[in-house]
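Chains as they are written, first to last, in the numbering used here: chain A, 15 to 421; chain B, 15 to 421.
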């Protein structure tokens, strides 16, 4: 008997999470031999628990699915809902009852660390319960911090945004060339500095900035920072510094906490951060007496559709397709990992990896990609990241503004 | 005897000020019958006074000029240098001596209000001195606040960035649909709200946001604002509010100044100053107890090359060409104004207007473009602005990153 497939999205938005959705849904709709209905759960498992489920087939018929492909953020809506550690918690009965109600055979979940935790727990539950529902994780995060995969969909487009933005901000910052100035650009990334590292990609074709790049992988020392900024300003008038929102001192105190009394904590225990750039702006102004501006790239770095990486988008779509095919072949408790094969130019193989190995871990930027002084990024990162930002994507537009699929 | 032409850039960067430069330089290089050398002054008249002048012809030969066309900010560098009111000030002797030294016959200056003041003063000086040097102003400002012209180059591309960014920010803000949230987007414009008004262009094709739009043309009342935000949140969960950085209360106090009294002092004793958006973020959080985020679009709105309006760029180029042709025909003391002719679809005529009428004035958003309650924008603005953001521009790229001309 044919079963139904359901797909959900979870965690923070990216520019290509809907590419993964497109890939999974179009593959599932194509697999009519094995799959009956294709459902989307709205706002992840939180919505699923409330029966907030839609039929995806009409979206293909009316052309919406094609627009979903290049729509940023999460078409189905997202959630931040952590399943209980206690495997006997009644929510698991509720969830499996809901899956039975919808005759679900295949459960696809697109997200980052926390979402893989969900896939891990649900597949473990299925094993305990003797359920044959197959659970697959599709990677997604601009943070690029998932283990068991070379990189994650969403990172390439965000990295491209960061690189382009840094080129533009630099050229903007240099117009009054004769006056000394510092521009501090704050980039997303709490614990892993991959996205901040991407700022080094801006340093090409005549652009010498950013002069300094600071990741959360290294302890940040305020006095050493000021010394380095001064040193750079002795050599040139206008410098740009890229910092991760998550930079912290040797005691683990976030630099943004220097300026804030208390910091909010979300339900996964993440501290809610902003303001490292603003803090350093004020510090440089006071201590070095030069013109300073801080720029927070903010949500645009994860949701800008005008700077999509074609490579990133096509990999996101393909990971969705492969996830469905893997489930149909019997796979469960897996995340689709990306294996880089670049003997003869860059390409990716999609390899199902054990989701239990992925969840609740963080892949940091390795030592060989960070300069010894901790204030710059090496060529090893450039070689790694450059293939991920390649190619432009033409968006569907009306009146010259991008068309987005809005539920 | 043939004379030389010199062109300079002044004031804040835009995405197409180099389009105007490209237009002026390529027309001048083409006009070999009348013009000998084509010079660029680096960092405006401030650099010119120091003899900081480059020959532009080699840039055409080596292909740089083509890349200049789509490079944001100001290729020649900019300045903020106001000429003295006293027409007998010795700086005028210096300037005219420099022009004689370089055998200048045509002086092109690209900029906003203050730059037109420079053109006005120099052309008045020329008249007093019996000099036949011809002075032309080329309009430029994302603020769109110049009089005697329908709009200004730079506004269309900035407006397109604002509209696209608001669409993206909205879709990002709505992913956790079930929780109430407010996103406050702060847009450039100290005294004129044209660019903030452009946020209304995002409200199309299924996107209902921004719910509220506030320009500096109207007094801002904090209590009325909170009441309206509450009212919107009763109808929907996620709202986006667009505000101009220059919103002020009925006493003329900027809203961003409100935060400077009660803002926290960090552990190093630095006072942390923030903008209008940050102030309203904290205010809404405290008073309405909902999730709030503020986003400052910051410099990207004026220097993003990835969202260039083709219409804006081609008009910038054409204004440069027309300025040179006008000067060659004997025009001086003029700015190239844009006259909108849209009986049969939108097009623009380029009309030299008296630069003395332009400088030191500000064109505000007229009453008919602002809703009666002062918290929204009317269709009259949409009709006005939509033609200005039309068309995309493919940038020259290498490794998928835009190539910029850097001096």
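Using N, Cα and C, we set each Cβ at its ideal position, and we do this for glycine too.
Hey, is residue 102 of chain B's beta-carbon within less than 8 Å of any beta-carbon in chain A?
For the purposes of this step, residue 102 of chain B is identified with residue 88 of the second chain, where counting begins at 1. With 8 Å as the cut-off, residue 102 of chain B does not count as an interface residue toward chain A.
Would you kindly check if the distance between the Cβ of residue 350 of chain A and the Cβ of residue 340 of chain A is under 8 Å?
For the purposes of this step, residue 340 of chain A is taken as residue 326 along the first chain, with counting starting at 1. For the purposes of this step, residue 350 of chain A is taken as residue 336 along the first chain, with counting starting at 1. The answer is yes: Cβ separation under 8 Å.
Compute the distance between the beta-carbons of residue 35 of chain A and residue 82 of chain A, then report whether it is under 8 Å.
Counted from its first residue, the first chain places residue 35 of chain A at position 21. Counted from its first residue, the first chain places residue 82 of chain A at position 68. Yes, the Cβ-Cβ distance between residue 35 of chain A and residue 82 of chain A is below 8 Å.
What in chain B is Cβ-close to residue 217 of chain A, meaning under 9 Å?
Sequence index remark: in the first chain, residue 217 of chain A carries index 203 (1-based). The premise fails here: residue 217 of chain A is roughly 10 Å from chain B at the closest Cβ pair, so nothing lies under 9 Å.
Express the C-alpha separation of residue 254 of chain A and residue 86 of chain B in angstroms, rounding to a whole number.
Numbered from 1 along the second chain, position 72 holds the residue referred to as residue 86 of chain B. Numbered from 1 along the first chain, position 240 holds the residue referred to as residue 254 of chain A. Using only the alpha carbons, I get a separation of about 17 Å.
DSSP state of residue 251 of chain A mapped onto helix, strand, coil:
Against the first chain, residue 251 of chain A aligns to sequence position 237. Note: residue 251 of chain A maps to coil in three-state DSSP.
Is the shortest distance between the beta-carbon of residue 270 of chain A and the beta-carbons of chain B less than 8 Å?
Walking along the first chain from the start, residue 270 of chain A turns up at place 256. Chain B, which has no Cβ nearer than 8 Å to the Cβ of residue 270 of chain A, makes this no.
Which residues, in chain order, does the region 161-192 of chain A contribute to contact with chain B at a C-beta distance below 8 Å?
Within the region 161-192 of chain A, the qualifying residues are 174, 177, 178, 179, 181, 182, 183, 185, 186, 187, 188, 189, 190, 191 and 192.
Members of the region 311-340 of chain B that neighbour chain A once the beta carbon cut-off is set at 9 Å:
311, 312, 313, 314, 316, 317, 318, 319, 320, 321, 323, 324 and 325
First and last residue of the uninterrupted beta strand (DSSP E) at residue 156 of chain B:
To locate residue 156 of chain B, count along the second chain from 1; it is residue 142. Premise fails: residue 156 of chain B is in no beta strand (DSSP E) and is neither H nor E.
Does the beta carbon of residue 91 of chain B sit closer than 8 Å to a beta carbon anywhere in chain A?
In the second chain, the residue the question calls residue 91 of chain B occupies position 77. Judged by the 8 Å Cβ criterion, residue 91 of chain B is in contact with chain A.
Rounded to whole angstroms, what's the CA-CA distance from residue 279 of chain B to residue 203 of chain A? Just pull it up for me.
For the purposes of this step, residue 279 of chain B is taken as residue 265 along the second chain, with counting starting at 1. For the purposes of this step, residue 203 of chain A is taken as residue 189 along the first chain, with counting starting at 1. Because the pLDDT of residue 279 of chain B is 45, which lies under 50, any placement of that residue in the model is unreliable, and the number read from its coordinates should be weighed accordingly. Approximately 26 Å between the Cα atoms of the pair.
Note down, in chain order, each residue of its chain lying with its Cβ closer than 7 Å to the Cβ of residue 181 of chain A, except the 5 sequence neighbours on either side.
Translated into positions along the first chain, residue 181 of chain A becomes position 167. If we look at residue 181 of chain A and ignore the five residues flanking it on each side, its Cβ neighbours are 216 and 221.
Contact the region 158-170 of chain B vs the region 187-199 of chain B: 3+ CB pairs below 8 Å
no
Contact set between the region 195-214 of chain A and chain B, restricted to residues whose Cβ is under 7 Å from the partner:
none
C-beta neighbour in chain B for residue 253 of chain A, strict 8 Å
Taking the first residue of the first chain as 1, we reach residue 253 of chain A at position 239. By this cut-off, residue 253 of chain A is not an interface position.
My output table needs one value for residue 17 of chain B: the three-state DSSP class, helix, strand or coil.
The residue labelled residue 17 of chain B in the question sits at position 3 within the second chain. Of the three classes helix, strand and coil, the one that applies to residue 17 of chain B here is strand, per DSSP.
Pick out whichever of A:319, A:415 and A:410 has its Cα sitting closest to the Cα of residue 8 of chain A.
Residue 8 of chain A lies beyond the range of chain A shown here (15 to 421); nothing can be said about it.
Would you call residue 377 of chain A buried or exposed, if buried means 16 or more other Cβ atoms sit within 10 Å of its Cβ?
Stepping through the first chain from its first residue, residue 377 of chain A is reached at position 363. Residue 377 of chain A is buried by the Cβ-count criterion.
Does DSSP put residue 281 of chain A in a helix, a strand or coil?
By one-based count along the first chain, residue 281 of chain A stands at place 267. Low confidence applies to residue 281 of chain A: its pLDDT is 46, below 50, so where it sits in the model is not reliable enough to give any reading.
Would you mind reading off the limits of the alpha helix (DSSP H) that contains residue 112 of chain B?
To locate residue 112 of chain B, count along the second chain from 1; it is residue 98. From DSSP, the alpha helix (DSSP H) with residue 112 of chain B extends over 104-115.
Taking residue 391 of chain A as the reference, which of A:322, A:52, A:43 and A:211 has the closest Cα?
On the first chain, position 377 is the one that residue 391 of chain A refers to. Of A:322, A:52, A:43 and A:211, the residue nearest in Cα terms is A:211.
Kindly indicate which three-state DSSP category residue 499 of chain A falls into: helix, strand or coil?
This structure cannot speak to residue 499 of chain A, because chain A is shown only from 15 to 421.
So, with DSSP's three-state summary, where would you put residue 312 of chain A?
By 1-based counting over the first chain, the position of residue 312 of chain A is 298. DSSP places residue 312 of chain A in coil when its eight states are reduced to three.
Less than 8 Å between the CB atoms is what I'm expecting for residue 227 of chain B and residue 213 of chain B, so what's the real figure, rounded?
As a position in the second chain, residue 227 of chain B is number 213, starting the count at 1. As a position in the second chain, residue 213 of chain B is number 199, starting the count at 1. Indeed they touch by this definition, with Cβ atoms about 6 Å apart.
Taking C-beta pairs closer than 7 Å, name the residues in chain B that residue 403 of chain A reaches, listed in chain order.
For this step, residue 403 of chain A is matched to residue 389 along the first chain. Residues of chain B passing the Cβ test: 414.
Can you find a heavy atom of the ligand FAD that lies under 7 Å from the Cβ of residue 213 of chain B?
With respect to small molecules bound, the structure shown includes none, and the ligand FAD cannot be examined in it.
Whose Cβ in chain B lies nearer than 8 Å to the Cβ of residue 410 of chain A?
One-based indexing of the first chain puts residue 410 of chain A at position 396. Residues of chain B whose Cβ lies closer than 8 Å to the Cβ of residue 410 of chain A do not exist; the shortest such Cβ separation is about 10 Å.
In three-state terms, what does DSSP make of residue 69 of chain B?
Against the second chain, residue 69 of chain B aligns to sequence position 55. The answer is strand: DSSP assigns residue 69 of chain B an E or B state.
Cutoff 7 Å; reference residue 193 of chain B; Cβ partners in own chain excluding five residues on either side:
Looking up residue 193 of chain B in the second chain gives position 179. By the criterion of a C-beta distance shorter than 7 Å, residue 193 of chain B is surrounded in its chain by 251 and 305, once the five residues flanking it on both sides are discounted.
Looking at the structure shown, is residue 408 of chain A part of a helix, part of a strand, or coil, going by DSSP?
The count along the first chain starts at 1 and reaches residue 408 of chain A at position 394. Coil at residue 408 of chain A, not helix or strand.
Apart from the five residues on each side of it in sequence, which residues of its chain come closer than 6 Å, Cβ to Cβ, to residue 70 of chain A?
For the purposes of this step, residue 70 of chain A is taken as residue 56 along the first chain, with counting starting at 1. Result list for residue 70 of chain A: 39, 52 and 54, in chain order.
For residue 192 of chain A, the three-state DSSP class (helix, strand or coil):
Here residue 192 of chain A is taken as the residue at index 178 of the first chain, counted from 1. Note: residue 192 of chain A maps to coil in three-state DSSP.
In this structure, how does DSSP classify residue 321 of chain A when only helix, strand and coil are distinguished?
For the purposes of this step, residue 321 of chain A is taken as residue 307 along the first chain, with counting starting at 1. Correct three-state label for residue 321 of chain A: coil.
Closer than 8 Å by beta-carbon distance: list the chain B residues that pair up with residue 155 of chain A, in chain order.
By one-based count along the first chain, residue 155 of chain A stands at place 141. Those do not exist, as residue 155 of chain A stays about 14 Å from chain B at its closest Cβ, beyond 8 Å.
To the nearest angstrom, how far is it from the Cα of residue 362 of chain A to the Cα of residue 327 of chain B?
Here the question's residue 362 of chain A lines up with position 348 in the first chain. Here the question's residue 327 of chain B lines up with position 313 in the second chain. Going from the Cα of residue 362 of chain A to the Cα of residue 327 of chain B covers about 39 Å.
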